[in-house]
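This report refers to the structure that appears directly beneath it.
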Amino acid sequence: MSALVLALLVAAPARADAPPRHTGSVVYALASRLYLDAGAEEGLAPGQVLALSRGGRKAGSCKVADVSDKHASCVGAGAVGDVFPVSPRAAPAAPVRPAPLPTAVLEQRRARVESAQFPLVDYKPQPGELARARTVDGRVAHLVWASSGAGPWQQERADLHVRGAPIGGGFTLDADLSARHWTRRFDPVSFRPADSTQLYVWEAAVSRRLAGGGAAISLGRVRPWWAPGQSIFDGAQVGYRSAGGLEAGLFGGTIPDEVTLVPSFDRGVLGAYWSVRHLGAADSVVRYFQHDARVAVAQTADLKRRVEGEGLWRAQITRIFDASADVRLGFGEEQAPGAVDAIRVDGSLRPWDSISLSGSWRYENLFVSELDGPGRVLPGGRGRHAEASASWLPDPHLGLSIVSGLSTDVVNARSRRWLGPELDLPRLLGDAGGASAGYFQEEGWSPGRSAWVQFIVRARQRAQLLLRVSWFRSRDVAPVELDELGASAVASVQVTSHISLRVSALGRSALNGATQPFANGTGRIGTLDAGVGGEF
Numbered sequence: 002m003s004a005l006v007l008a009l010l011v012a013a014p015a016r017a018d019a020p021p022r023h024t025g026s027v028v029y030a031l032a033s034r035l036y037l038d039a040g041a042e043e044g045l046a047p048g049q050v051l052a053l054s055r056g057g058r059k060a061g062s063c064k065v066a067d068v069s070d071k072h073a074s075c076v077g078a079g080a081v082g083d084v085f086p087v088s089p090r091a092a093p094a095a096p097v098r099p100a101p102l103p104t105a106v107l108e109q110r111r112a113r114v115e116s117a118q119f120p121l122v123d124y125k126p127q128p129g130e131l132a133r134a135r136t137v138d139g140r141v142a143h144l145v146w147a148s149s150g151a152g153p154w155q156q157e158r159a160d161l162h163v164r165g166a167p168i169g170g171g172f173t174l175d176a177d178l179s180a181r182h183w184t185r186r187f188d189p190v191s192f193r194p195a196d197s198t199q200l201y202v203w204e205a206a207v208s209r210r211l212a213g214g215g216a217a218i219s220l221g222r223v224r225p226w227w228a229p230g231q232s233i234f235d236g237a238q239v240g241y242r243s244a245g246g247l248e249a250g251l252f253g254g255t256i257p258d259e260v261t262l263v264p265s266f267d268r269g270v271l272g273a274y275w276s277v278r279h280l281g282a283a284d285s286v287v288r289y290f291q292h293d294a295r296v297a298v299a300q301t302a303d304l305k306r307r308v309e310g311e312g313l314w315r316a317q318i319t320r321i322f323d324a325s326a327d328v329r330l331g332f333g334e335e336q337a338p339g340a341v342d343a344i345r346v347d348g349s350l351r352p353w354d355s356i357s358l359s360g361s362w363r364y365e366n367l368f369v370s371e372l373d374g375p376g377r378v379l380p381g382g383r384g385r386h387a388e389a390s391a392s393w394l395p396d397p398h399l400g401l402s403i404v405s406g407l408s409t410d411v412v413n414a415r416s417r418r419w420l421g422p423e424l425d426l427p428r429l430l431g432d433a434g435g436a437s438a439g440y441f442q443e444e445g446w447s448p449g450r451s452a453w454v455q456f457i458v459r460a461r462q463r464a465q466l467l468l469r470v471s472w473f474r475s476r477d478v479a480p481v482e483l484d485e486l487g488a489s490a491v492a493s494v495q496v497t498s499h500i501s502l503r504v505s506a507l508g509r510s511a512l513n514g515a516t517q518p519f520a521n522g523t524g525r526i527g528t529l530d531a532g533v534g535g536e537f
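Mind the numbering: the sequence shown is residues 2 to 537 in my numbering, read in order.
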């Protein structure tokens with residue numbers, strides 16, 4: 002009864018323009034509880050003792066029990082109409098709003114926010130919560146491919162990706178697989194000519210990895226965690242993870258066939274791994290640091306028996322510099338010169354908000370087999386690759402970049418170099434999209450030049466269309482100077498929050514000296530890929 006009365010009093014409308022009060026009154030009385038027309042705004046608080054008066058004389062007291070903004074109840078004896086003194090709280094002064102900033106200042110700040118780089122942050126859920134996102138992504142698609150004098154080839158495909166789906170007992174399911182069927186193919190068929198239906202399973206494992214730490218287990222076809230450079234295997238990965246992000250353990254199993262991914266008992270791996278992660282404060286020098294490493298003994302068809310080791314380091318130094326390095330060593334029957342299989346280095350520097358510099362270097366030193374047509378296998382794999390770029394973003398609507406690179410095939414003693422500018426207009430169409438364009442001058446074993454222009458159009462954040470037109474001119478690869486035109490389009494529509502459609506098309510025509518893109522004698526190629534996908 003008392004709660005109902007207080008609720009009715011709270012619901013009663015109050016005059017917004019009422020003058021400040023100095024007294025309150027009893028509006029409803031029971032044997033031992035009184036209901037008042039004053040509350041926290043008049044200075045009442047639970048436990049406060051009120052002195053009641055009636056007709057100018059003392060009428061007893063009561064102790065405040067429940068309080069709302071404008072009403073209260075108190076324990077004691079009294080009658081309707083009894084009054085008591087109150088001390089209303091002073092209304093806070095309205096804040097003085099500063100004058101709006103100039104438009105130029107707002108645009109400058111917006112440019113800084115849009116171009117800012119953010120450090121990688123380890124997600125740290127509550128203890129017992131799964132450390133990996135729970136998503137299921139599936140897609141069915143149809144592919145058509147055709148070229149001058151060959152095709153059309155047609156393929157139906159179904160892809161499934163599962164990440165961290167709970168299956169009970171603290172275990173999750175991770176899967177990555179694709180089923181493909183070629184309804185039409187034409188000779189010569191280079192890849193798996195006898196198999197028109199193909200199933201590829203890159204991952205199918207159950208895991209138990211709690212964010213709060215403890216035993217870390219993966220069983221099945223494992224794509225190993227924190228073991229850089231290790232291929233998939235059929236077996237287990239077992240380790241221990243601390244609450245601070247340190248993990249170490251062992252892994253081992255058989256390695257599937259490199260081409261078909263069919264399980265095989267002729268190949269295998271046994272090794273150890275460890276991983277360290279550190280997340281610094283926002284104002285620290287080292288904001289993020291990661292180190293992953295593995296050591297393993299492996300037996301494969303192409304590299305025979307080997308002992309391998311690989312280490313990966315990543316770091317962000319303050320907010321202006323981040324870098325990563327990866328080094329792989331191998332000792333055994335198939336060994337790279339100096340036992341160094343590969344070195345990869347990446348870095349980026351942002352000395353000012355509007356200027357960024359980035360670069361990468363790849364040292365690939367191990368011979369591997371490369372398929373070059375039906376039954377034709379060539380040695381390859383050894384190469385050197387370097388890229389560098391500089392970008393300037395003077396305005397949110399304008400970006401300028403210079404991109405350069407060098408690539409060398411050590412086996413065939415061929416090199417290629419390129420350099421050129423890129424122009425980005427991300428808000429050329431406002432919120433509806435933008436455009437970009439670029440030009441490259443190329444030298445080396447296939448000298449020439451190329452240019453492209455690209456448009457991105459969006460509609461209500463549910464649909465996007467990407468259009469790109471390219472031109473290529475090459476020398477020394479054909480009897481005449483070769484011109485090629487290319488065009489591609491990718492359209493995606495988010496039908497519902499879970500279902501999306503995607504269609505991509507690509508066409509390219511080699512003019513071969515002709516003046517028309519699709520004249521007789523020109524080489525042509527085209528692909529069409531359409532599919533529907535769902536994410537849950």
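Glycine included, each C-beta is placed from N, C-alpha and C at the ideal position.
Closest by CA to residue i, which one among the options?
i           : options            : result
residue 345 : 361, 224, 278      : 361
residue 347 : 339, 358, 340      : 358
residue 82  : 103, 59, 71, 99    : 59
residue 313 : 349, 392, 229      : 229
residue 69  : 86, 38, 52, 85     : 38
residue 55  : 167, 30, 79        : 79
residue 430 : 407, 399, 416, 409 : 399
residue 288 : 76, 216, 319, 252  : 319
residue 31  : 76, 100, 456, 415  : 76
residue 242 : 470, 364, 213, 483 : 213
residue 187 : 216, 155, 163      : 155
residue 151 : 164, 110, 185      : 185
residue 158 : 396, 145, 495, 28  : 145
residue 498 : 483, 215, 536, 65  : 536
residue 481 : 343, 511, 310      : 511
residue 414 : 446, 485, 401      : 446
Would residue i pass as a contact of residue j if the rule is Cβ separation under 8 Å?
i           : j           : result
residue 240 : residue 250 : yes
residue 366 : residue 383 : yes
residue 176 : residue 200 : no
residue 61  : residue 43  : no
residue 524 : residue 191 : no
residue 388 : residue 418 : no
residue 171 : residue 211 : yes
residue 448 : residue 476 : yes
residue 71  : residue 40  : yes
residue 437 : residue 424 : yes
residue 333 : residue 308 : yes
residue 142 : residue 527 : no
residue 386 : residue 408 : yes
residue 453 : residue 474 : no
Does DSSP put residue i in a helix, a strand or coil?
i           : result
residue 411 : coil
residue 173 : strand
residue 193 : coil
residue 130 : The predicted model places residue 130 with a pLDDT of 40, which falls under 50 and marks its position as unreliable, so this point remains unresolved.
residue 334 : coil
residue 42  : helix
residue 164 : strand
residue 435 : strand
residue 1   : Coverage of the chain is limited to positions 2 through 537, which leaves residue 1 absent and any answer about it impossible.
residue 124 : Residue placement at residue 124 is poorly supported in this model, since its pLDDT is 49, which falls under 50; the coordinates still yield a value, given next. The answer is coil: DSSP assigns residue 124 none of H, G, I, E or B.
residue 497 : coil
residue 114 : helix
residue 301 : strand
residue 104 : helix
residue 80  : coil
residue 398 : coil
residue 533 : strand
residue 57  : coil
residue 5   : For residue 5, the predicted model reports a pLDDT of 44, less than 50, meaning its position is unreliable; a value from the coordinates is still stated below. In this structure, residue 5 counts as helix in the three-state DSSP scheme.
residue 266 : coil
residue 358 : strand
Under the DSSP definition of a beta bridge, which residues are partnered with residue i?
i           : result
residue 404 : 390, 421
residue 23  : Answer is none; residue 23 lacks a bridge partner.
residue 71  : Partner(s): none; residue 71 has no beta bridge.
residue 492 : 466, 504
residue 188 : Paired residue(s): none; residue 188 is not in a bridge.
residue 228 : Looking at the DSSP assignment, residue 228 forms no beta bridge with any residue, so it has no partner.
residue 460 : 464
residue 344 : 328, 364
So that I know if they touch, is there some Cβ in chain D lying closer than 8 Å to that of residue i?
i           : result
residue 466 : The question asks about chain D, but that chain is absent: this structure has only one protein chain.
Quiz item: With contact counted as at least three CB pairs below 8 Å, one residue from each stretch, are the stretch 501–509 and the stretch 482–491 in contact?
Solution: Contact between the stretch 501–509 and the stretch 482–491 is present, because at least three Cβ pairs lie under 8 Å.
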